[in-house]
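Below is one structure, written out as structure tokens; comments come after it.
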Amino acid sequence: MLTEEENERLCRVGPDTPMGRVLRRYWTPAFQLGDLREPDCAPIQVTLLGENFVAFRDTSGRLGFLDELCMHRGASLVLGRVEDCGIRCLYHGWKYAVDGTILETPNFPGSTFKDRVKQGSYPVRESGGLAWVYLGPPGTEPPFPHFRWAAAPPDEIAVSEMILDCNWMQVQEGSIDSSHVGILHLDTLAVTDAGPRTVGSFEFAGQPWDTGISAPPRRLGLGWPSQDNGPKIEVEHTPFGFHYAALRDATEPGKQYVRITAFVMPYTAFIAGTTGSVIVVPRDDTSCSLYLAANVPSGANGRAAGGGMNRGIDPSVWGPERGNRRLRLPAQDREAMATGRSFAGFRGGNRIQDAAVQMSEGIIYDRRKEHLVPADLAIIRMRRLLTDSIKLVEEGKKPLGLGEGYDFSNVSGAAAVMDVGARWQDLVPGNLGEPARATLVDEVT
Amino acid sequence: MNEPDASSLRLAIVVDEACTRIFDAWEERARVTALRVNPAVYEAVAAARPGEVRRGYPLMLLGMELVPDEGVDTYQPTVVASREAKEGAC
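Residue numbers (my numbering), protein chains in the order written: chain U, 1 to 445; chain R, 1001 to 1090.
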């Protein structure tokens, strides 16, 4: 639990808030590159950390990320024309380059004004199908996080964005919350692998129900070899934040089922047994973007734009295409729940199940009222790192987890069955800055 | 460590430290029955949960009953544990 003051400091993300100042010290995913495919294509509006921006790709293919409203009279540049190496405001024709330089002021010809000031602009990097921006003070950019999945060719990276109408912390906490996986996602486990079939006194009756969802590649027969829903959590700090292991009694006597998740401050989680990341970015205090990024087989045509990541999700609920990314929760199938065909009653897989419970907490959850348990340790530690970072930034220092000198391509999660007491850290040596043993990690993910 | 006022108390630290101590105790095969916390922490939890106080429920943190103890540092809660083997240990 948190005090009211702590909860406010954790959740509010605007430019004049404690957390807003912390988040602006990291590279922040802003939008999918697929939304600005061609030079001089239509610009897009981006809402990020409580502010509005315009993003565009100029004639030479460079990305620009500017304050949305024209500095002249405040018309939206999202309405503007992208042409001849800049974006032009429709209202009076002021034109800006990708770095905010004023190129033309047609209603104020011959002025030196344009040589003295600029439209607000921010550094942009392209990586892993996403545009990443830096909204912090100029000159304070940390090292860019080059993740392993982002190094693949563009057609081998699948990215999608789901917009959720709740505060980002509710979603971020879900991404590092291992103990809900064998419970909330029982329907998914039943469909995709040899997972558990019970939660307490609940047992499935009949065949798996949510059969339309995308089945992840089988994890070399690993499945979900445990019936233990009360994992022990072990957390260890890393250069990028922390990683933790959820340790469950395995089905096989004397063994434990280990799921390791790496949390890269402040947005990204590498989930056990997946090839990519879950990235949660606040749009504002009351909505956030949930990005899924993963490597896909070569030749998976169109998946880099998010196609294929919506299997099993009704298009009236959500879709990866622009204009359909804000989630509208489907109705819960109470009949399927009552008859034992479904545990959660939400079709569409993990993201829909997660979103349903996270949004049900309210727009901004009041953490004074919660009753945490030890299995929530990773969430507890994340809050501490974030609030410690607030304090550091307030003292004029750098926030935690910037990873200076660390090679982010070494970050990974993992899942494995190990002997009880075995060192789980050996599965993810790169997380601690040691040379990665990629082969070992690949074998167990 | 100086005692913080209610508005600057960081429960995020208290909870993190308490959770770590519970896992440490479990590692030692001990049964944790309660948490001793500084009275400032106890009051902060009570203030956050007026409904539970009104109903006469015990104040709980991480599933353990809270015991106020002036001898406990604000950010160093301690576990009350017995040496029995913990049931259902992971």
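For each residue, glycine too, the CB sits at the ideal point set by N, CA and C.
If you're wondering where the values come from, they're calculated on a predicted model, not measured in any experiment.
- Contacts between R:ARG1010 and chain U, judged by CB atoms closer than 7 Å, involve GLU6, THR387 in chain order.
- Within the model, the alpha-carbon separation for U:ASP426 versus U:GLU161 is close to 33 Å.
- Each of U:LEU33, U:ARG24, U:ALA344, U:ARG57 was checked against the Cα of U:ASP210, and the nearest Cα belongs to U:ALA344.
- Cβ contact annotation for R:PRO1068 (same chain, cutoff 7 Å, sequence separation greater than five): VAL1037, PRO1039, TYR1042, in chain order.
- In this structure, U:CYS11 places its C-beta atom within 8 Å of the C-beta atom of U:MET169.
- For U:MET19, there are no neighbours in chain R by C-beta distance under 8 Å, as the nearest C-beta there is about 12 Å away.
- Here U:ARG367 has MET1, LEU2, ASN7 as same chain residues with Cβ atoms under 6 Å from its own Cβ, once five neighbours each way along the sequence are excluded.
- Taking CB atoms only, R:LEU1059 has no neighbour in chain U less than 8 Å away.
- In this model, U:PRO15 and U:LEU49 are separated by some 7 Å (Cα to Cα).
- Using beta-carbon distances, U:LYS232 counts as an interface residue toward chain R, with a partner under 8 Å.
- Against chain R, a Cβ distance below 8 Å from U:ARG351 picks out nothing, because the smallest value is about 28 Å.
- Taking one beta carbon from each stretch, the segment 137-145 of chain U and the segment 224-239 of chain U have fewer than 3 pairs nearer than 8 Å; the two do not touch.
- When U:TYR122, U:GLU126, U:MET71 are compared, the shortest CA-CA separation from U:LEU103 is found for U:MET71.
- Taking C-beta atoms under 8 Å as the contact rule, U:LEU164 and U:SER316 fail to qualify, at a distance of about 17 Å.
- Considering only U:GLN32, U:LEU135, U:VAL78, U:VAL98, the residue with the shortest C-alpha distance to U:SER60 is U:VAL98.
- Secondary structure in the segment 107-194 of chain U: the beta strand (DSSP E) runs of 3 residues or longer, each lying completely within the stretch, are 124-127, 130-133, 157-164 in chain order.
- Looking at the backbone, the Cα of U:PHE240 and that of U:MET19 are separated by about 18 Å.
- Residue-level contact by beta carbon holds for U:VAL373 and chain R, with a gap shorter than 8 Å.
- Annotation: U:ILE380 to R:THR1074 spans about 17 Å, alpha carbon to alpha carbon.
- Taking the Cα positions, U:GLU361 is about 26 Å away from U:ALA293.
- Among the CB atoms of chain R, none fall inside 8 Å of the CB of U:ARG423.
- Only ALA1044, VAL1045, ALA1047, ALA1048, ARG1049, GLY1051, MET1060, LEU1061 from the segment 1034-1061 of chain R bring a Cβ to less than 9 Å from some Cβ of chain U.
- Note on U:TYR406: 16 or more other CB atoms within 10 angstroms of its CB, so buried under the neighbour-count rule.
- If you ignore the 5 residues before and after R:LEU1059, its C-beta comes within less than 8 Å of the C-beta of TYR1042, VAL1045, ALA1046, ARG1049, GLU1052, VAL1053, GLU1065, LEU1066, all in its own chain and listed in chain order.
- Look at U:LEU377: its C-beta is under 8 Å from a C-beta on chain R.
- For the options U:ILE363, U:GLY401, U:LEU377, the alpha carbon positioned closest to that of U:ASP285 is the one of U:ILE363.
- Where U:GLN256 is concerned, the enclosing beta strand (DSSP E) starts and stops at 255-264.
- Contact check for U:ALA158 against U:MET309 passes: the beta carbons are separated by less than 8 Å.
- Within the segment 185-201 of chain U, no residue has a Cβ lying closer than 8 Å to any Cβ of chain R.
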